[in-house]
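Just below is one structure, and these are the notes that go with it.
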Amino acid sequence: MARQRQRHASSSSAAVQATTVNEAEHFYGEPRPFDPFFRGPVHRRSCTDVFCCWIFLLAVLSYGALGIVARFHGDPRKVLLPTNSYGEFCGQKGTSNAKKPILFYFNILKCANPSLLINLRCPTTQMCVSRCPDKFATYTEMQREHKAGNGSWQYYSQFCKPGFNNPDKPLSEVLRDEDCPSVIVPSRPFLQRCLPDVIARNGTATVANKTRFQDALETARSVTELQDAAEGIRGLAEPRQLALKIVEDYAKSWPWIVGGLAVSLLFSLAFIVLLRFTAGLMLWATVITVMLLLAHGLWHCSVAFAALGRTRGSDVSIAQVGLQTDLRVYLQLRETWIILLVALGVTEVSILLILVIMRRRVKLAIALLREASKAVGHVVSTLFYPLVTFLLLTVCISYWAVTAVYLASSGDAVYKVVCPDGSCPHSNSTCNPQTFNRSDVSKETTCAGSQCLFAFYGGETAYHRYIFPLQMSNLLIFLWLVNFGSALEQCTLAGTFSSYYWAKRKPEDIPPCPLLSSFGRALRYHTGSLAFGALVLSVARLFRMTLKYLEKKLKGVDGGPCRFILCCLTCCFWCLEKFIRYLNQNAYIMVAIDGKNFLRSAQEAFFLLMRNVVRVAVVDRVTDFLLFLGKVMIAGGVGVLTLLLLTKKIALFQEEVPHLHYYEVPLMTTVLGAYLIADGFFGVYAMCVNTFFLCFCDDLERNDGSPAKPYLMSPELHRILGKASRSR
């Protein structure tokens, strides 16, 4: 009777399973057929997506040619050194400005209005000087003192155009020809630019103890005007100086950064070793910890909510308060604590329901984690493959950045007509500074006061007209190469771990050098497929970046509907990019297993996942949660240790720690680097779990456990599968 009941239960279970499979077949395609000649990821290989492979190779060669052409035309000094009105670099060795490293503005008051900045240039003559002025003086005062013979011209002339030596020239002609500044004010060098030395005294802006002064035309001016102009220039120059300070901090603290990254490397290896032996324990300990933290959060929110019941003004809504930079304002509102209370409660109940309903599949996820640990232990070289991807990524980023700088600095100096009040019809047209004062444009009444100033570096050739499309091409191919490197890593690791899964006797039947063999197969047969998937992802990413750029540019413009549409499109493309990235990863796994082209592999991966959608949700979330916790723990631990070192809280290293402008720079670099290192190691681990999961689902559809078609999964997975089947 017991045997009959067991057979009846087995037949009922098989019937239920068959019904579920038939329903899945109707929507998600037929299960994978049994192939008696299937021997894992090394059988019947041929080149896939050959056309895309040739396109990819042609794009790489064109990218190299673009870098050579950009290097031939560009000069990075043009974007690093301050440039005067004639396109000359201040402080450049071997030129007349070698001893003049500071930029001086003839009329800095014209820099106060941001709308007058043409191509990040202030619409006034700019000269290279060796030092900034340290006193007030006007051209008229200088002429009077010069006639008295006190030598004031010698001091004033160092701020005039080189070669000008006529202190008796009438003021109107000097201002017309821009030979000298009409007035000089006490200044100090800031980011290699002379800015007024404004000091606050009793809350009032002063320069040399003055709050007002007169220019050469006897017009009263306020120091506040100078301050506004200086702030405008700071806004243009501060980012470059900030970058220089950051570089200096990196130069001083790089040994400490390297030490922190080495510690994160050791922590990552230790976490993986612990995960191999205590995957289930770590998972349940983590879940219990999270549940306790959520319970504590619920208690804290309820206490705070009850305490605010007796506080006046706490019943104001968040909408009435509006947007506040001080987040503590929201903590004084009861509505804030209600929202937190509901959110934490929903999260707590959701986790409990998931654990109760899907406890069997959680066990499957833990078993896959253990099996992945064994595979990584047998093929330890896979842990260090991300270093190859990191080197490729470093080369790609460096090449893209250098090419972008050379493209941006290509061409000769281009000069534009600048009119302070914008009334000149020739404003922003090309001009020649040598002949501008004798041209018809300068003589027009509507162009009075116009100047011919340096605008940017460029040209009129076809190369210079297409600088922007070339920059976009540089970005697109850069994204393509980066995504191709990631695809190559995923396909290589998938081939390695699938070789382990499909081996009948582990580890005896694992092929020798599985990582190197898988890398060779991926490059030899599937470069086109990897390039195809990487190109699709790169185009989606480029569209999203373009939309984000347009959204940022329209932030200060009254275009509510346009900004709303852009926001919706950005969200849609973000979702599309995430979906493509996830599908690509599984497609690369199927490429590594079956050796088919990208589209066919993506289709089979999608349908295989849909036929096991519940298992996918549980395994992905459990694995991602556990590995994310490990990454956060490693990055946080290394970050705390680095913070204690850089703030000299550890007495043993107080003398060795260097003085830095911003200790946050090496701290954030170390934390980010530690997270990326952990992400690289755990990425291998996650790729192993994903590969095993697809192989597991494929194994269930190819085989039935009979002697003719035995399962190739591990005994633990087989045991969990049997328990799950009997429990249905």
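Going by this note's numbering, the residue at position 719 of the sequence shown is 730; the numbering climbs one at a time, nothing skipped.
Even for Gly, the Cβ is constructed at its ideal location relative to N, Cα and C.
Model, not experiment: these values are computed from the prediction.
Exercise. At which residues does the beta strand (DSSP E) containing M138 begin and terminate?
Worked result: 137-140
Exercise. Is there contact between the region 531-539 and the region 54-69, where contact requires at least three CB pairs shorter than 8 Å?
Worked result: yes
Problem set entry | Given R199 as reference, the closest of S73, F288, C143 once Cα atoms are compared | C143
Exercise. Thinking just about the alpha-carbon of each residue, which of A159, Q203, S107 is nearest to the one in G174?
Worked result: S107
Exercise. Do you know offhand how far L128's Cα is from T135's?
Worked result: Because L128 sits at a pLDDT of 35, beneath the cut-off of 50, its placement in the model cannot be relied upon, and the following sentence gives the value as read from the coordinates. Each residue's alpha carbon lies about 10 Å from the other.
For this session: Output the boundary residues of the beta strand (DSSP E) element that contains I113.
Result: 113-116
For this session: Counting only the same chain and skipping the five closest in sequence on each side, list residues whose C-beta sits under 7 Å from that of Y722.
Result: D710, N714, G716, H729
For this session: Determine, using beta carbons only, whether L418 and A81 come nearer to each other than 8 Å.
Result: yes
For this session: Would you list the one or two residues that DSSP bridges to A148?
Result: I195
For this session: Decide yes or no for the touch test of the region 282-298 against the region 397-405: beta carbon pairs closer than 8 Å, at least 3 of them.
Result: no
For this session: List the residues that DSSP assigns as beta-bridge partners of L464.
Result: K427
For this session: Hey, could you find the ends of the alpha helix (DSSP H) C407 is sitting in?
Result: 396-419
For this session: Decide yes or no for the touch test of the region 636-645 against the region 683-694: beta carbon pairs closer than 8 Å, at least 3 of them.
Result: yes
Problem set entry | Segment contact, 8 Å Cβ cut-off, at least three pairs: the region 693-701 with the region 392-399 | yes
Exercise. Whose C-alpha, out of K517, Y116, G356, is nearest the C-alpha of V390?
Worked result: K517
Exercise. For P207, which beta-bridge partners are listed by DSSP?
Worked result: S198
For this session: Please determine if the region 151-158 and the region 178-189 are in contact, where contact requires at least 3 C-beta pairs separated by less than 8 Å.
Result: yes
For this session: Please say whether A505 and T702 have beta carbons closer to each other than 8 Å?
Result: yes
Exercise. Taking buried to mean at least 16 other C-beta atoms within 10 Å of its own C-beta, is V452 buried or exposed?
Worked result: buried
For this session: Reducing DSSP to helix, strand and coil, say where F62 ends up.
Result: helix
Exercise. When DSSP labels each residue in this structure, what does M724 get in the three-state scheme?
Worked result: coil
For this session: May I ask you to report which of helix, strand or coil DSSP gives T446?
Result: coil
Problem set entry | Rounded Cβ spacing between S497 and T400 (contact assumed at less than 8 Å) | 7 Å
Exercise. Roughly how many whole angstroms lie between the Cα atoms of A719 and S275?
Worked result: 48 Å
For this session: Spatial neighbours of L352 within its chain, please: CB distance less than 6 Å, with the 5 preceding and 5 following residues excluded, ordered by chain position.
Result: C312
For this session: Go through its chain and collect everything with a Cβ distance to C708's Cβ below 6 Å, but skip five positions before and after it.
Result: L619, N623
For this session: Compute the Euclidean distance between the alpha carbons of H475 and E99, then round it to the nearest angstrom.
Result: 20 Å
For this session: Tell me whether V194 is buried or exposed, calling it buried when 16 or more other Cβ atoms sit within 10 Å of its Cβ.
Result: buried
Problem set entry | Inter-residue spacing [alpha-carbon to alpha-carbon] between L272 and T680 | 10 Å
For this session: Give every residue of the same chain whose Cβ lies closer than 7 Å to the Cβ of L305, excluding the five residues on either side of it in the sequence, and list them in chain order.
Result: L355, T358, E359
Exercise. Does the beta-carbon distance from S420 to G85 come in below 8 Å?
Worked result: yes
For this session: Would you kindly work out how many angstroms separate the C-alpha atoms of K459 and E184, rounded to a whole number?
Result: A small fix is needed here, since residue 459 is Ala in this sequence, not Lys. Rounded to the nearest angstrom, the two C-alpha atoms are 13 Å apart.
Problem set entry | Local Cβ density within 10 Å of E519, reported as buried at 16 or more and exposed below that | exposed
Exercise. Which class does F100 belong to by DSSP, given the choice of helix, strand or coil?
Worked result: strand
Exercise. Which same chain residues, not among the five before or five after E562, have their C-beta less than 8 Å away from its C-beta?
Worked result: R574, L577, C578, T581
For this session: Give the straight-line distance between the Cα atoms of F45 and E712, rounded to the nearest whole angstrom.
Result: At F45, the pLDDT of 49 sits below 50, so the modelled position is not reliable; the number obtained from the coordinates is stated separately. About 8 Å.
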